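Residue numbers (our numbering): 161 to 564.
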C-alpha cells in the first residue's frame, strides 16, 4: 500500500471501523474460547485464514493438545519485526446477567457488545482484518502475530510461545500487547502471582476439640499473616503514584473446608495472590509465608503426626517496567497519537515478553473497566482508533521506528 493510499484509508476511518474489521470481530466473538475450554476452533480458523493469504502459522500446543498458541510472520523484510500480541481466551459468562447473547456481536448506540469485545478480541480482529493490507504494503520490517491461550488463568500459554521463539532464535524489535487501555500506551504494570495452600489436620467430634486438629483455624492463622504482610506493604513500601494502588497488594480470594459445624475439620484449602510492584522479589514473599506455616506444624503434629501444610505456586507473570524514552514506547505513542499513560495495577503478558528481552508496551481498544463484566462492550470509536493505529504501521516513517 502506498503512503497516499494509507492516508486516504485513515481519513475514511473516521469514528467507524471498516466493514472488514467489524466482520472479523463478529467472527472471533462467536468462538466460545472460555479458558476452561479449547481454543482450537479460533486458532485453526485463523491458521487457515492466514494460509489463504500465503502466510504460514506456527502452532504450539498445551499438554492436552486441546489448546494452542499461534505465531505468524507477515512479510519477509530483512529487519527485526514488531509483534502484535493478544490472548484468545475469555472469562466465563455463567452467573452473569447479560442483555444480549454474549457470543454474538451486537451493536447498539455506538457500542459493540460481546464476551471478549474489550478483552481482547477487537484488537486481534483488527490485526487479522488488516493482514491483506500489511502484506500488500511490502514493509521491510515484518509484522508478527502472536495469539496465546490461558492468559486469563495465569498467562500460561504465552510462556510456551515465547520459549518457542527463543529456540528459533527470533529476536523481534518490540511487541505491542493489545489489552484494553483506551488506546493509551501503558509502560508499567504489576506482577501477578497466584498460590494455593492445603492444610491437613485431624477430624474429631466437636465436643472433643482437643482430640482434633482444626484445619480451618490453622488456615485462618496463615490468612491473617498474609493480611498482615499486605498491611506492611501498604504502610511501609515506597509509593509509586503512577499506579492506582501505589504499592504491592496481597489477598485471599478462595477458601474451602469443613463438613459440618459439629465436626472438627480435617481438610481446608485456600488460594491467595500477590500483585507486586516492579522490582519486588515474589520468591521472598512466598518463602516468608511458607516459613510462618512451617512454624505452626510442630503444634499440629503433637496431636496428629501426619498433619501437613502444603503450598502450590499456581501461576505467575512478572510486572512490566518500560521507560517513555524506549523505542517501542515512542513507536506506540506515535501510532496511537497519545502520550504514554503510565502504569496500571492489573497484569498482562507484556512482562513475560519483556523478561524474554523483547521491549514491550500495552495498548489496545476498550476499557479494562468493561472486561470480565456482564454486557462487556467496546466503543466503535475505540475500534476505529485501533484500526488507524495499525494502518499507520505501514507509514515509511513508522517503519523507520520499528527498525531502530
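We treat Cβ as the ideally placed atom computed from N, Cα and C, and that holds for glycine.
Predicted, not measured: the structure shown is a model, and the values here were computed from it.
- One Cα belongs to residue 316, the other to residue 494, and the distance between them is close to 31 Å.
- In this structure, residue 352 sits away from residue 218, with a CB-CB distance that is not shorter than 7 Å.
- With respect to residue 430, residue 412 sits close: the two C-beta atoms are nearer than 7 Å.
- Rounded to the nearest angstrom, the gap between the Cα atoms of residue 189 and residue 459 is 54 Å.
- The DSSP assignment places 179-190 as complete runs of the alpha helix (DSSP H) inside the region 176-211, in order along the chain (cut-off: 4 residues).
- Residue 333 and residue 361 have their C-alpha atoms some 53 Å from each other.
- In the DSSP assignment, residue 245 falls within the beta strand (DSSP E) that extends over 242-247.
- Contact between residue 251 and residue 312 holds, with the beta-carbon distance rounding to 5 Å and staying under 8 Å.
- The residues 220 and 229, in chain order, have a CB closer than 7 Å to that of residue 320 in the same chain once the five nearest residues on each side in sequence are set aside.
- Here residue 355 is not near residue 452, since their CB atoms are 7 Å or more apart.
- In the same chain as residue 281, and ignoring 5 residues on each side of it, the C-beta atoms closer than 7 Å to its own belong to 185, 188 and 189, in chain order.
- Counting along the chain, residue 410 sits inside no alpha helix (DSSP H); it lies in the beta strand (DSSP E) bounded by residues 409-417.
- In this chain, residue 284 is not harboured by any beta strand (DSSP E); it is covered by the alpha helix (DSSP H) spanning 282-289.
- At the C-beta level, residue 531 and residue 279 come within 7 Å of one another.
- Around the Cβ of residue 370, a 10 Å sphere holds fewer than 16 other Cβ atoms; the residue is exposed.
- The region 284-302 makes contact with the region 540-555: 3 or more CB pairs, one atom from each, lie closer than 8 Å.
- In this structure, the straight-line span from the alpha carbon of residue 438 to that of residue 322 is close to 21 Å.
- Between the alpha carbons of residue 175 and residue 496 lies a gap of roughly 14 Å.
- A residue is called buried when at least 16 other Cβ atoms come within 10 angstroms of its Cβ; residue 223 does not meet this threshold and is exposed.
- Here residue 402 is exposed. Its C-beta has fewer than 16 other C-beta atoms within 10 Å.
- Using a Cβ-Cβ distance cut-off of 8 Å, the region 372-390 and the region 474-489 are not in contact, since fewer than three pairs of beta carbons, one from each stretch, lie closer than that value.
- By the neighbour-count criterion, in which a residue is buried when 16 or more other Cβ atoms sit within 10 angstroms of its Cβ, residue 404 is exposed.
- Residues of the same chain with a CB within less than 7 Å of the CB of residue 414, apart from the 5 flanking positions on each side, are 430 and 431 in chain order.
- Residue pairing from DSSP places residue 432 in a beta bridge opposite 355 and 412.
- Closest option to residue 357, judged by alpha-carbon separation, among 427, 244 and 284: 427.
- In this structure, DSSP gives residue 444 a helical state, which the three-state scheme calls helix.
- Listed in chain order, the non-local C-beta contacts of residue 515 below 8 Å within the same chain comprise 478, local neighbours out to five positions each way being set aside.
- In its chain, beyond the 5 residues on either side, 315, 349, 350, 351, 352, 435, 477 and 479 have a beta carbon closer than 8 Å to the beta carbon of residue 507.
- Burial is judged here by how many other beta carbons sit within 10 angstroms of a residue's own beta carbon; residue 510 has at least 16 and is buried.
- Under DSSP, residue 468 takes part in a beta bridge, and its partners are 360.
- Residue 315 sits in coil when the DSSP states are folded into three classes, being neither helix nor strand.
- Beta-bridge annotation (DSSP): residue 335 is paired with 243 and 520.
- Here DSSP, grouped into helix, strand and coil, assigns residue 399 to coil.
- In the DSSP annotation of this structure, the continuous segment of the beta strand (DSSP E) that includes residue 231 starts and ends at 228-234.
- Of the candidates 558, 555 and 536, the residue whose Cα lies closest to the Cα of residue 256 is 536.
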